[in-house]
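J.:
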Amino acid sequence: MKCSVWLVGLGLVLMPMAASAVEPGPEPLGIGLEGFPYPYPARFLPLSRDNEAQRLAYMDVAPTGPANGRAAILLHGRNFPASYWQPVIVALAGAGYRVVVPDQLGFGKSSKPVGPFTFDLMAADTLALLDRLGLARVDVVAHSMGGMLAIRLARAAPERVNAIVLEAPIGLEDYRFTVPPVANETLLKHEGELTADAYRRQLMTSYALSLPPSAIEPFVEIRERVKGSAEYPRWLQSFVNSYQAIWSQPVVHEIPLVKAPTLFVMGANDHNAPGKPYAPPELRAGMGENAAHARALAARMPNGRAEVIEGVGHLVHMEATERFDDLTLDFLNGH
Numbered sequence: 001m002k003c004s005v006w007l008v009g010l011g012l013v014l015m016p017m018a019a020s021a022v023e024p025g026p027e028p029l030g031i032g033l034e035g036f037p038y039p040y041p042a043r044f045l046p047l048s049r050d051n052e053a054q055r056l057a058y059m060d061v062a063p064t065g066p067a068n069g070r071a072a073i074l075l076h077g078r079n080f081p082a083s084y085w086q087p088v089i090v091a092l093a094g095a096g097y098r099v100v101v102p103d104q105l106g107f108g109k110s111s112k113p114v115g116p117f118t119f120d121l122m123a124a125d126t127l128a129l130l131d132r133l134g135l136a137r138v139d140v141v142a143h144s145m146g147g148m149l150a151i152r153l154a155r156a157a158p159e160r161v162n163a164i165v166l167e168a169p170i171g172l173e174d175y176r177f178t179v180p181p182v183a184n185e186t187l188l189k190h191e192g193e194l195t196a197d198a199y200r201r202q203l204m205t206s207y208a209l210s211l212p213p214s215a216i217e218p219f220v221e222i223r224e225r226v227k228g229s230a231e232y233p234r235w236l237q238s239f240v241n242s243y244q245a246i247w248s249q250p251v252v253h254e255i256p257l258v259k260a261p262t263l264f265v266m267g268a269n270d271h272n273a274p275g276k277p278y279a280p281p282e283l284r285a286g287m288g289e290n291a292a293h294a295r296a297l298a299a300r301m302p303n304g305r306a307e308v309i310e311g312v313g314h315l316v317h318m319e320a321t322e323r324f325d326d327l328t329l330d331f332l333n334g335h
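In our numbering, the protein residues as written are 1 to 335.
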């Protein structure tokens with residue numbers, strides 16, 4: 001048996017070594033996803049938040065088809081980096097659009113603030129990016145949490161928004177009516193204890209995905225590799241802060257006030273509702289009727305429309321890529 005020698009006082013103590021080496025974990029990532037490739041070069045806009053210097057990461061993709069003089073900005077969901085927009089970027093750029101794809105502060109390759117999040121600040125950061133790029137007016141394509149940001153953006157600066165596509169947006173109900181407040185400590189414990197397998201199951205089941213598990217593996221990989229960063233506690237706090245913003249800052253009451261032409265593209269199987277596990281059972285069952293909410297809200301808007309795709313969950317642009325691209329381009333080109 002192999003032994004290692006420990007010196008104790010003037011004597012020698014022999015300690016047996018493990019017969020086999022410990023399996024190495026995944027290679028760590030920085031909390032800015034340093035080392036994780038994006039499909040297009042990441043650029044950075046200097047910002048300030050929490051009295052700290054921050055960087056807003058974004059991709060800026062030129063048209064690959066004949067340029068139509070228009071630009072689209074893509075707003076990501078909470079559990080996803082901007083890189084997951086790649087199929088939509090390809091479709092829009094091929095149709096002549098310039099495509100701008102930011103990671104909001106707290107997500108992806110952007111800096112991770114530790115103070116409370118607000119959708120108003122996210123909207124201000126997005127407008128600062130458009131100003132930097134000289135874009136006076138854009139089309140907005142937004143997924144999940146990005147849909148809540150899109151509503152605040154359209155309300156804060158209606159003259160900057162031409163048309164909106166909301167892909168499986170959250171915020172179509174006021175979660176405060178069904179979910180009690182959840183302390184940061186509880187959320188930090190829950191998120192910190194989530195294993196790779198548990199997170200994989202959460203994405204597949206909460207989002208009712210029709211995708212093979214391999215399709216979501218990059219998102220699981222990111223989360224697991226970030227755990228190896230020395231700044232992981234900061235990442236975790238930032239992630240929890242985004243939940244608190246979703247819960248405490250509803251947009252559903254503002255959606256009927258949005259004047260820009262708006263298309264909801266919903267997966268019929270998508271019953272995702274943030275905070276649902278924390279809701280009382282008698283209220284939980286009624287949460288997440290997203291397709292029905294989208295139809296009802298679209299009918300109350302000056303220029304709203306809802307399309308529901310059967311057999312699809314929360315990641316419409318990945319589950320039904322061709323159908324999503326066709327609906328998006330048809331709508332945007334028509335406005």
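Cβ coordinates follow ideal geometry from the N, Cα and C atoms, glycine included.
These figures come from a predicted structure and were not determined experimentally.
(1) So the alpha helix (DSSP H) Met59 belongs to, where does it begin and stop?
(2) Kindly indicate which residue of Val88, Asn68, Tyr58 and Phe36 has the alpha-carbon position closest to the one of Leu133.
(3) According to DSSP, is Ala285 helix, strand or coil?
(4) Counting only the same chain and skipping the five closest in sequence on each side, list residues whose C-beta sits under 7 Å from that of Arg225.
(5) On the criterion of 16 or more Cβ atoms from any shown chain inside 10 Å, does Val22 qualify as buried, or is it exposed?
(6) In chain order, what residues of the same chain lie with their CB nearer than 7 Å to the CB of Asp330, ignoring the 5 residues before and after it?
(7) Leaving out the 5 sequence neighbours to the left and right, which residues in its chain are closer than 7 Å to Gly192 when beta-carbon positions are compared?
(8) Touching or not, the region 63-82 and the region 94-110, by the rule of three or more beta carbon pairs under 8 Å?
(9) Name the DSSP beta bridge partners of Ala72, please?
(10) Distance, Cα to Cα, His76 vs Gly267?
(11) Could you give the DSSP three-state label for Glu319: helix, strand or coil?
(12) Which residue's Cα is closest to the Cα of Gly108: Asp50, Leu56 and Asn303?
(13) Is the region 311-329 touching the region 159-175 in the sense that three or more CB pairs, one from each, lie closer than 8 Å?
(14) Below 8 Å, can you find three or more Cβ-Cβ pairs linking the region 147-157 to the region 179-187?
(15) The alpha helix (DSSP H) that contains Ala296, what's its start and end?
(16) Please list, in chain order, all residues of the same chain as Phe219 whose beta carbon is under 7 Å from its beta carbon, the five residues on each side excluded.
(17) Whole angstroms is fine: what's the gap from Gly106's alpha carbon to Ala123's?
T.: With the given structure in hand:
(1) Annotation for Met59: no alpha helix (DSSP H) segment contains it, though the beta strand (DSSP E) segment containing it runs Glu52 to Val61.
(2) Selection Val88, Asn68, Tyr58 and Phe36 evaluated against Leu133 yields Tyr58 as nearest (Cα-Cα).
(3) In the displayed model, Ala285 falls within coil according to three-state DSSP, outside both helix and strand.
(4) Same-chain partners within the cutoff: Pro26, Glu27, Pro28 and Leu29.
(5) Low confidence applies to Val22: its pLDDT is 43, below 50, so where it sits in the model is not reliable, and the reading given next is rough at best. Looking at its Cβ environment, which holds fewer than 16 other Cβ atoms inside 10 Å, Val22 is exposed.
(6) Only residues of its own chain outside the window of five on either side were considered, and among them none has a CB closer than 7 Å to the CB of Asp330.
(7) Excluding its 5 nearest sequence neighbours in each direction, Gly192 has C-beta neighbours in its own chain below 7 Å: Leu236, listed in chain order.
(8) Contact between the region 63-82 and the region 94-110 is present: 3 or more CB-CB pairs across the two stretches fall below 8 Å.
(9) Beta-bridge pairing links Ala72 to Val99 and Asp139.
(10) Taking the CA atoms as reference points, His76 sits about 17 Å from Gly267.
(11) Shown here, Glu319 sits in a helix according to DSSP, grouped into three states.
(12) In terms of CA proximity to Gly108, Leu56 leads the group Asp50, Leu56 and Asn303.
(13) Because the criterion of three Cβ pairs below 8 Å is met, the region 159-175 and the region 311-329 touch.
(14) Short answer: they don't touch.
(15) It spans Asn290 to Arg300 - the alpha helix (DSSP H) in which Ala296 sits, taken as one unbroken run.
(16) If you ignore the 5 residues before and after Phe219, its C-beta comes within less than 7 Å of the C-beta of Asn79, Phe80 and Leu203, all in its own chain and listed in chain order.
(17) Their Cα atoms are separated by approximately 14 Å.
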